[in-house]
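Peer 1: Residue 175 is where the sequence shown starts when you use the numbering used here, and the numbers rise one by one after that. Submitted below is the structure of interest, expressed as structure tokens.
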Amino acid sequence: MEAHPIPQNVTSFQFKLVGDMTLKQFIYLSSGMGIAYLTFVLLAAPAPLLAWPLIFLFAFLGIALAFIPITDRPLDHWLKAFLRAVYLPTKRVWQKQGRAFPQNPLFLNRLNVYLSTQGEIKNPIPIPLATPALSIPLPKTVISTGPSLPTPEELTKTVKLAQQAQSLQVKIIEGERELKQIKQSMDAEKFNVVFANLQNLVQDAQQIRQQLAQVTKEEPLKEAPKLKVEVVPAPKPKQTKLVLTTAPNVINGIVVDAENNYLEGVVVVIHDKEGLPVRALKTNKLGQFTGSTPLANGSYTIELEKDNLIFDLLKIELDGKILPPLTIAAKRVYGNNPN
């Protein structure tokens, strides 16, 4: 099979007889040449003017059908398509078969039925009228005369007392606001001064309310409850304990340097009492290390290693309890001393 750079019909296999010529091409070529040879034998001598054009025509048709494609299609394909297009019908006519369908007479006379109903006058639907409700006379309302109006002097005094009470109320609100600010800043001396002023303002407000009650002859207003201000110290933040594991006998901890910075990549080797390594861990970016499985009860030694750092050799005893995180700090940083 040859490589085909363009889409071709590669699914069907054609037998090739001579070189690249297939069986179909051989039949077309041999038929055209055979008919041309018969025409030469039969008509060349008696009618040469008629024979030679036919000889060339049959020979050309054989060669064209075998070797000359048009737009990548053989000539026989175009001849079949031409004959099919010539003999196929291009105009179709609807032919009735004589079947009769039942028709509704009311549907055929629908126009007459509609016109016959146009002259009819439909009576309107009577609208029910509601019976009028009986009018019941309402009882006469007796307007009771109230107490006599206050005199202009009483009104003037009342207005003045109300203005004083309003100004005192504003001062009380401002004092409470300052008191809250001082309470937040925890200034004791300023707090006591503002608290004393606030108590005096509250007493003045109570006196003015009593005078208003006497002038307007109303019941005395209830005394406002005294404000109890207590200095509450700010709560100390609780130190939350870091928990790295909840399983017993699991050695865990945090490794830092001399400046309390977390150390990453520190190798932690745990040895048993016989000096054999049982765990090898490595700290993460936060300097934390923890084992995955618990160890047996007994004494263990912890050895830490990192470039340019020195750590103490730690010894720990396990007894089946949950261990808190160990905080391990590097002793010092050393470098290469030039000789």
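Each residue gets a CB set at the ideal place from its N, CA and C atoms; glycine is no exception. Every value quoted in this text rests on a predicted model; they were computed, and no experiment measured them.
Cutting at 8 Å between CB atoms, please list the residues of its own chain near Asn371, excluding the five before and the five after it.
Peer 2: Position 197 of the sequence shown, counted from the first residue, corresponds to residue 371. Contacts found: Gly349.
Peer 1: Measuring CA to CA, which of Lys505, Asn426, Pro248 and Arg383 is closest to Lys334?
Peer 2: Taking the sequence shown and counting its residues from 1, the one referred to as residue 334 is at position 160. With distances taken between Cα atoms, Lys334 lies closest to Arg383.
Peer 1: Measure the C-alpha to C-alpha separation of Leu500 and Gly494 and round it to an integer number of angstroms.
Peer 2: Translated into positions along the sequence shown, residue 500 becomes position 326. Translated into positions along the sequence shown, residue 494 becomes position 320. Near 16 Å, if we compare the C-alpha coordinates of Gly494 and Leu500.
Peer 1: What did DSSP end up calling Glu352 once you bin it into helix, strand or coil?
Peer 2: Taking the first residue of the sequence shown as 1, we reach residue 352 at position 178. Glu352: helix per DSSP, three-state reduction.
Peer 1: Would you call Glu439 buried or exposed, if buried means 16 or more other Cβ atoms sit within 10 Å of its Cβ?
Peer 2: Working through the sequence shown from its first residue, we reach residue 439 at position 265. Checking the sequence shown, residue 439 turns out to be Gly, not Glu. Classification of Gly439: exposed, given that the 10 Å Cβ count is below 16.
Peer 1: Could you pull out every unbroken alpha helix (DSSP H) segment of at least 4 residues lying fully inside the segment 221-276, listed in chain order?
Peer 2: If we require 4 residues or more, the alpha helix (DSSP H) runs fully inside the segment 221-276 come out as 222-241 and 249-261.
Peer 1: Relative to the alpha-carbon of Gly461, which residue among Leu497, Ile502 and Gly449 has its alpha-carbon at the smallest distance?
Peer 2: One-based indexing of the sequence shown puts residue 461 at position 287. Closest option to Gly461, Cα to Cα, is Ile502.
Peer 1: Consult DSSP for Phe485 and reduce its assignment to one of helix, strand or coil.
Peer 2: Start at 1 with the first residue of the sequence shown, and residue 485 comes out as number 311. Coil.
Peer 1: So what's Val417 in DSSP terms, helix, strand or just coil?
Peer 2: Locating residue 417 in the sequence shown gives position 243, counting from the first residue. Here Val417 sits in coil by DSSP.
Peer 1: Looking only at C-alpha atoms, which of Glu479, Lys480, Arg453 and Lys459 sits nearest to Pro468?
Peer 2: On the sequence shown, position 294 is the one that residue 468 refers to. Closest option to Pro468, Cα to Cα, is Arg453.
Peer 1: If we ignore side chains and look at the alpha-carbon of each, how far apart do Glu491 and Val424 end up?
Peer 2: Taking the sequence shown and counting its residues from 1, the one referred to as residue 491 is at position 317. Taking the sequence shown and counting its residues from 1, the one referred to as residue 424 is at position 250. Going from the Cα of Glu491 to the Cα of Val424 covers about 11 Å.
Peer 1: Would you kindly work out how many angstroms separate the C-alpha atoms of Phe485 and Val430, rounded to a whole number?
Peer 2: Here residue 485 is taken as the residue at index 311 of the sequence shown, counted from 1. Here residue 430 is taken as the residue at index 256 of the sequence shown, counted from 1. Taking the straight line joining both Cα atoms gives about 10 Å.
Peer 1: Which residues in the same chain as Asp378 place their Cβ atom closer than 8 Å to its Cβ, once the five residues preceding and following it in sequence are excluded?
Peer 2: Stepping through the sequence shown from its first residue, residue 378 is reached at position 204. Same-chain partners within the cutoff: Leu342.
Peer 1: Which residue or residues does DSSP assign as beta-bridge partners of Tyr474?
Peer 2: In the sequence shown, residue 474 corresponds to position 300, counting from 1. Answer is Ile490.
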